[in-house]
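Worksheet for the structure shown next.
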Amino acid sequence: MFFKNVRALTAAILLGVSFVSAQNATTGSFSCGSIPDRDTVVAVQDQLRNVPTFFPRRITARGPFTVPVYWSIIRSSNGAGNIPDSVIAQQHVIMNSYFSQIGLTFTVAGIERKQNDDWFGNVGIGNRQEYEMKSALRKGNDPRALNIYSVGVIQNNIAGFSSFPWDYQARYQLDGIVMNYNYLAGGKYGNYYSTGKILVHEVGHWLGLLHTFQDGCNGGDMVDDTPAEASPASGCPVGRDTCAAPGNDPITNMMDYSDDTCRTGFTNGQYNRLAQVIYQYRGINLY
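Residue 179 in our numbering sits at position 179 of the sequence shown; the count goes up by one each step and never skips.
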């Protein structure tokens, strides 16, 4: 039933609207390459109205759901980007530390290593290299399986980008996350952006979460317990308050653009929202 009532949304996707999320960390902050438009968010909200609320029930007797993760490691001809298995293992420890409490665990289902200078240095959102790479390497043709592609450079200097769950029916072959390997755990940006949290942020998008600053002070992230935020944060600006609505900006939230050391986790409202989204669009039942 997770594809129920998605015809209108699928039509919007097929019209060429881009629904991926992207981050840029080369300037000391993140910037967004592409986010869902308001019509898409409204359509998703409407489709989720009859999906049960996850909290306060938490985990039931159903037990945890294991997401199989397929890693595709793209390296250059000089060997750059060939991250070791230990980095992948560390990323899974970090990811599971944020999602296991709601019954989601991520396990390595496969690792493929591929030398390709074009993919390594030229992948961009919706470009030829993205289509070629994903068409050749995608595994586990299932909305519940996560594909992660590690490359060296992403066009426009972004750190990573992800599809959203509601993209899957129309563009399943592009489902997954693309990461610049420098932003994975232990990468060259240290405590600013290489502690492993950038991938956690992208997994949040893959599970259906939006940025905390989505639609600015209109509070368009579909979550009630994340205060509205006019624009993305950078650094760790304690006490920042950019909207008249109650509450300071959620700079410690994983879905903001603060430094890694500033972002500490998700809210119960976000966990509830992602549980609803993946139930509807990915067929993952945490209830």
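Cβ atoms here follow ideal geometry from the backbone N, Cα and C, with glycine treated the same way.
Bear in mind that the values here come from a model prediction, so they are computed numbers and not experimental data.
Cβ-based burial, residue i [other Cβ within 10 Å; buried from 16]
i: Thr264; result: exposed
i: Ala275; result: buried
i: Pro52; result: exposed
i: Asp260; result: buried
i: Val238; result: exposed
i: Asp39; result: exposed
i: Asp256; result: buried
6 Å CB neighbourhood of residue i in its chain, flanking five on each side removed
i: Gly269; result: Val223, Asp224, Asp225
i: Trp71; result: Ile88, Ile111, Ile148
i: Arg273; result: Met222, Val223
i: Ile154; result: Val123, Asn180
i: His211; result: Met255
Close-in-space but distant-in-sequence residues of the same chain around residue i (CB under 8 Å, 5 per side omitted)
i: Gly81; result: Ile73, Ile74, Arg75, Phe120, Ser150, Val151, Gly152, Tyr181
i: Cys217; result: Ala228, Glu229, Ala230, Thr242, Cys243, Ala244, Ala245
i: Glu130; result: Val123, Gly124, Leu174, Val178
i: Thr107; result: Thr66, Val67, Pro68, Val69, His92
i: Lys134; result: Asn147, Tyr149, Gln173, Leu174, Gly176
i: Asp328; result: This structure gives no information on residue 328, because the portion of the chain shown stretches from 1 to 287.
i: Ala288; result: Since the first and last residues shown for the chain are 1 and 287, residue 288 lies out of range.
i: Ile83; result: Ile73, Ser150, Tyr181, Leu184
Identity of the residue in the options nearest residue i by Cα
i: Val41; options: Tyr271, Gln169, Gly239, Phe164; result: Phe164
i: Tyr279; options: Leu207, Phe161, Asn78, Asp46; result: Leu207
i: Arg282; options: Asp142, Thr212, Gln47; result: Asp142
i: Tyr287; options: Phe54, Asn50, Pro36; result: Phe54
i: Ser258; options: Thr267, Gly103, Gln90, Phe213; result: Phe213
i: Tyr201; options: Asp215, Tyr168, Gln169, Cys262; result: The question names Tyr, but residue 201 in the sequence shown is His. It is Cys262 whose Cα lies nearest to the Cα of His201.
i: Asn78; options: Phe161, Tyr271, Gln47, Asp117; result: Asp117
i: Leu209; options: Ala136, Gly196, Phe99; result: Phe99
Residue(s) in a DSSP beta bridge with residue i
i: Phe266; result: DSSP output for Phe266 lists no bridge partner at all.
i: Ser72; result: Glu112, Tyr149
i: Ile177; result: Ile148, Ser162
i: Val123; result: Ile154
i: Val67; result: Phe106
i: Asn253; result: Gly265
Cβ shell of residue i (< 7 Å), same chain only, five flanking positions each side left out
i: Asn96; result: Thr105, Phe106
i: Gly187; result: Tyr181, Ser194
i: Arg240; result: Ala233, Asn248, Asp249, Ile251
Distance cut-off 7 Å: residue i Cβ against heavy atoms of the ligand SAM
i: Lys114; result: With respect to small molecules bound, the structure shown includes none, and the ligand SAM cannot be examined in it.
Minimum Cβ-Cβ distance from residue i to chain D less than 8 Å
i: Pro227; result: The chain inventory of the structure shown lacks chain D, comprising one protein chain alone.
*Using 8 Å as the threshold, is the stretch 182-192 in touch with the stretch 214-230, meaning 3 or more CB pairs across them?*
no
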